[in-house]
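Working notes, structure below.
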Amino acid sequence: MDKLLASALQIKQRTMVTGLFARNGFKIAMTDFDDVTFEREGIQVNVHFDLNSNAESANILTKKTRIIPRISR
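Its first residue numbered 1, the sequence shown is counted upward by one per residue in UniProt numbering.
Here it is, written out as C-alpha cells:
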C-alpha cells in the first residue's frame, strides 16, 4: 500500500493517479473538487489534489480512526 501511495504522489497528475488506482482494483467511492476517495475491499484511500490537479497528499481511511499515516510531498 505504501508503494501505491508513493507512486500516486510521484505521478501527481489527477487522471494518471485515477488510472493507477483503477489498475490496482480500486473504484472511486467519492469525489470532490480537490479530493478523490478510492475504495477496494473495505480499504479507502483519499487523495488530495491542488488547484493544478496535482496530488498533494494521500491518506488511508478507516471507519474507526478515519485517517492513518499521511504521506505528502
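All C-beta atoms, glycine included, are put in the ideal place defined by N, C-alpha and C.
What would DSSP say about Lys12, mapped onto helix, strand or coil?
coil
Could you compute how far the alpha carbon of Leu5 sits from the alpha carbon of Asp35?
14 Å
Counting only the same chain and skipping the five closest in sequence on each side, list residues whose C-beta sits under 7 Å from that of Gly25.
Arg40
Work out the CA separation of Phe21 and Val47 for me, nearest whole Å.
Distance between the alpha carbons of Val47 and Phe21: 10 Å.
Could you check if Ala6 belongs to the surroundings of the ligand GTP, using beta carbon to heavy atom distance under 8 Å?
The ligand GTP is absent from the structure shown, which contains no ligand whatsoever.
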